[in-house]
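In full-length UniProt numbering, the protein residues as written are 1 to 408. Beta carbons are placed, not taken as given, at the ideal position from N, Cα and C, and that holds for glycine.
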Amino acid sequence: MLLFMKKTSILTNICIPARILGLALTVCTLFTVTSCTNDDNGLIPIGNGEGNYGQFQTEEKYNNETQGMFILCEGNYGKNNSTLDYLNFTTGLYYPNVFESGFMKDSKKMGDTGNDIKYYKGKLWIVINASNKVIVVNPVNGKIEKEINNIINGRHLVYYNGFVYVSAYYNAKFNKVISKGTVYKINADDYTITGQVEVGYQPENMDIVKDRLYVANSGGYNGGNDIGYDHTISVIDINTFKVIKTIDVKSVNLNELKADKNGNLWVTSQGKYDPTTYSMVGANITEISTEGEILNHFDVSAANLVINDNNLYYTVSSSKQPVQMNVIDTNTGKIIEKNLLKNNSPSQLPITTCAAAINPSNKNIYLADAKDYISAGEIFVYDKNGKYLSTIKNNLIGITPAHICFIP
């Protein structure tokens, strides 16, 4: 349950609203306080003092089951300026930087390079990559429940059956990042690290199918050395927390990984660096069974995977073409929509797509735009058929809004 404060000079009869407003590849929540009132349009996150925290109106106002979404903005590496934004679907209000200016009473900064965010068992879990920690936040009182430190170069989160799993580039065994990476197992109730296991080089995204944790290994740091890029998926038995198998994907520099409803895996390859063209070449997306059989392969530079029902959505970006969004039927493995956004003008398309998400209630599509990676990002909104609806933009939006999760 979340508390909210209405912006008013009379702070009496504090009450708790019946519905939870939340935090944001995936789900989250927030602390604030509210005065009892019949007007639900003036709620703002409140923090260390009074004032206007920069909320602004958007067209994203709906009466549906999904209450809102949180947007984790990575910020600039080394600048300690990751931020957390919140979009309230009930009011259509967008609240920038709720963690620092509203969510936390002490206005504590989140850290350097927010890399993933999930909501599980009533808590918000945030990976702060360059600050080498995972933050666990209690949404009832807005306090940091736990800072789990020494998760060096943490990357991504998944959760399952009372535990949260975090991939990290760092391996304590060798005390260096260029070693093979690690997956940590964290008890979601007491926040203790109950296990860790060595996987491949520079592990990235993960997913779980039938008590098996699948980890995409990139080897991105090794492209220019004798080790070379990784091309494997590590398979971990959830119960024993040991690697029981390694799947060779036949593609290098793996990044995103999603399991579909059939239990098959979709994994992207970022390709390898070509020093003659100063670019990445050979990117692709592969469908693979959990036994390691390659089922489908598409030579396309795919990113921002989203599985919705039996469809896989992904974006395709090129320096020469506007962003595209393609759709694959995961039952047949066939592309059923090539360029869902084709009927929109260039001004209605993002420049640098860094996140994609689909509203579980109305199926609206959100594409976050990092633009130049140093200024405020934007979020483009489309209906389920790819028709442009609006752009959420304001100079208070965070830098590189790369991770989105919804609150039911």
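Using a Cβ-Cβ cutoff of less than 6 Å, which residues in the same chain neighbour residue i once the five nearest sequence positions on both sides are dropped?
i	result
Ile186	Val164 and Ile193
Gln202	Tyr169, Gly181, Ser218, Gly219, Gly220 and Tyr221
Ala303	Thr315
Leu367	Pro350, Thr353, Ala356 and Phe380
Gly283	Here the sequence assigns Ala to residue 283, which means Gly is not the residue at that position. Excluding residues within five positions, the ones whose Cβ falls inside 6 Å are Ser269, Gln270, Gly271 and Ser301.
Lys210	none
Is residue i buried or exposed, if buried means 16 or more other CB atoms sit within 10 Å of its CB?
i	result
Lys180	buried
Glu293	exposed
Gln67	buried
Asp309	exposed
Gln55	buried
Gln57	exposed
Asn149	exposed
Pro96	buried
Glu291	exposed
Asn385	exposed
Leu295	exposed
Pro408	exposed
Ile392	buried
Ile135	buried
Asp299	exposed
Ser131	buried
Asp260	buried
Gly224	exposed
Lys121	exposed
Asn153	buried
What is the rounded straight-line gap between the Cα of residue i and the Cα of residue j?
i	j	result
Ser279	Glu65	43 Å
Val98	Tyr62	21 Å
Lys387	Leu341	7 Å
Gly49	Asn264	Bear in mind that the predicted position of Gly49 carries a pLDDT of just 39, short of 50, making it unreliable; the figure below should be weighed with that in mind. Using only the alpha carbons, I get a separation of about 50 Å.
Lys123	Glu337	37 Å
Arg155	Leu257	13 Å
Tyr160	Thr277	42 Å
Ile358	Asn253	26 Å
Asp207	Ser167	11 Å
Tyr214	Leu87	32 Å
Ile374	Ile128	18 Å
Glu147	Asn331	41 Å
Tyr229	Lys245	19 Å
Ile307	Trp266	10 Å
residue 409	Asn239	Residue 409 lies beyond the range of the chain shown here (1 to 408); nothing can be said about it.
Leaving out five residues before and five after residue i in sequence, what residues of the same chain have Cβ atoms less than 8 Å from its Cβ?
i	result
Asp274	Met280 and Val281
Leu389	Glu59, Asn364, Val381, Tyr382 and Asp383
Lys250	His231, Thr286 and Ile294
Asn311	Val327, Ile328, Asp329, Thr330 and Ile336
Based on the DSSP output, what are the partners of residue i in its beta bridges?
i	result
Leu367	Ala356 and Phe380
Ala130	Its beta-bridge partners do not exist; DSSP assigns none.
Arg155	DSSP output for Arg155 lists no bridge partner at all.
Asp401	It is Pro, not Asp, that sits at residue 401 in the sequence shown. DSSP, once it has assigned bridges, lists Cys73 as partnering Pro401.
Tyr273	Met280
Leu213	Ile208 and Ile236
Gly68	Asn88 and Ile407
Can you find the residues in the same chain that come closer than 7 Å, C-beta to C-beta, to residue i, ignoring five residues on each side of it along the sequence?
i	result
Pro322	Pro346 and Leu349
Pro360	Thr66 and Phe406
Asn344	Tyr388
Lys371	Ile351, Thr352, Gly377 and Glu378
Ser289	Asn264 and Leu295
Asn205	His156, Ala216, Asn255, Glu256 and Leu257
Stretch pair the stretch 67–84 + the stretch 387–404: three plus CB contacts closer than 8 Å: Contact holds between the stretch 67–84 and the stretch 387–404, because three or more Cβ pairs, one in each stretch, are under 8 Å apart.
The stretch 70–79 / the stretch 108–128 touching (three or more Cβ pairs under 8 Å): yes
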